[in-house]
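Take a look at the structure below.
Numbering (our numbering), first residue to last: 5 to 175.
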């Protein structure tokens, strides 16, 4: 079975993009890239520091540049994007043109529980008060949903489900 050369995972913070991406890359015997980790590696700063020192606009420029670099790599890859990546510039169009995009549509309560555990490493989530986290995450989800829904397909975040969908796609 020949799978699409580039597979992009999109979804909310805490949806499991990096976790599932690593498993998927291993299963398909290809490289895995975490867009946020690549941004940090190239910038020499962690993402919370990028937001604090130079702001979200600069971060989004970096994110776009690094995403385009990963798209241009001449090798099959699984790429986990940051939660906001599909919502800026023409990133979603670029990913859809370069390969298959998969929206990991994880239940809100699962997202909230996951991001609570690592809030400080997620700048936009870190700004949310604990007592309004569920409501704030729901607002963010509704704002981003139109871009996420442009993905090639939507899944419940299991490796088996993703593989099943990929088998129906011709590369």
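Every residue, glycine too, gets a C-beta built ideally from N, C-alpha and C.
In chain order, what residues of the same chain lie with their CB nearer than 6 Å to the CB of residue i, ignoring the 5 residues before and after it?
{"i": "residue 17", "result": "87, 119, 126 and 129"}
{"i": "residue 137", "result": "116"}
{"i": "residue 22", "result": "38 and 84"}
{"i": "residue 148", "result": "91"}
{"i": "residue 102", "result": "10 and 75"}
Looking at the strands, I want to know which residues DSSP matches up with residue i.
{"i": "residue 84", "result": "13 and 38"}
{"i": "residue 43", "result": "Beta-bridge pairing links residue 43 to no other residue."}
{"i": "residue 51", "result": "In the DSSP output, where bridge partners are listed per residue, residue 51 has none listed."}
{"i": "residue 105", "result": "12"}
So the candidates are the options; which of them puts its Cα closest to the Cα of residue i?
{"i": "residue 7", "options": "33, 22, 14 and 74", "result": "33"}
{"i": "residue 179", "options": "84, 45, 134 and 47", "result": "Nothing about residue 179 can be reported from this structure: the residues present for the chain run from 5 to 175 only."}
{"i": "residue 81", "options": "12, 121 and 167", "result": "12"}
{"i": "residue 172", "options": "132, 53 and 104", "result": "104"}
Does DSSP classify residue i as helix, strand or coil?
{"i": "residue 77", "result": "coil"}
{"i": "residue 143", "result": "helix"}
{"i": "residue 110", "result": "coil"}
{"i": "residue 162", "result": "coil"}
{"i": "residue 23", "result": "helix"}
So, does the CB of residue i fall closer than 8 Å to a CB anywhere in chain C?
{"i": "residue 6", "result": "In the displayed structure, chain C is absent; only one protein chain is listed."}
Run the CB neighbour count on residue i, radius 10 Å, all protein chains shown included, and call it buried at 16 or more, exposed below.
{"i": "residue 89", "result": "buried"}
{"i": "residue 146", "result": "exposed"}
{"i": "residue 160", "result": "exposed"}
{"i": "residue 79", "result": "exposed"}
Given residue i, which residues of its chain have a CB within under 8 Å of its CB, disregarding the five upstream and five downstream residues?
{"i": "residue 70", "result": "39, 42, 43 and 46"}
Could you name the residues of the same chain whose beta carbon sits closer than 7 Å to that of residue i, not counting the 5 residues immediately before and after it, in chain order?
{"i": "residue 158", "result": "107 and 109"}
{"i": "residue 155", "result": "14, 105, 106 and 107"}
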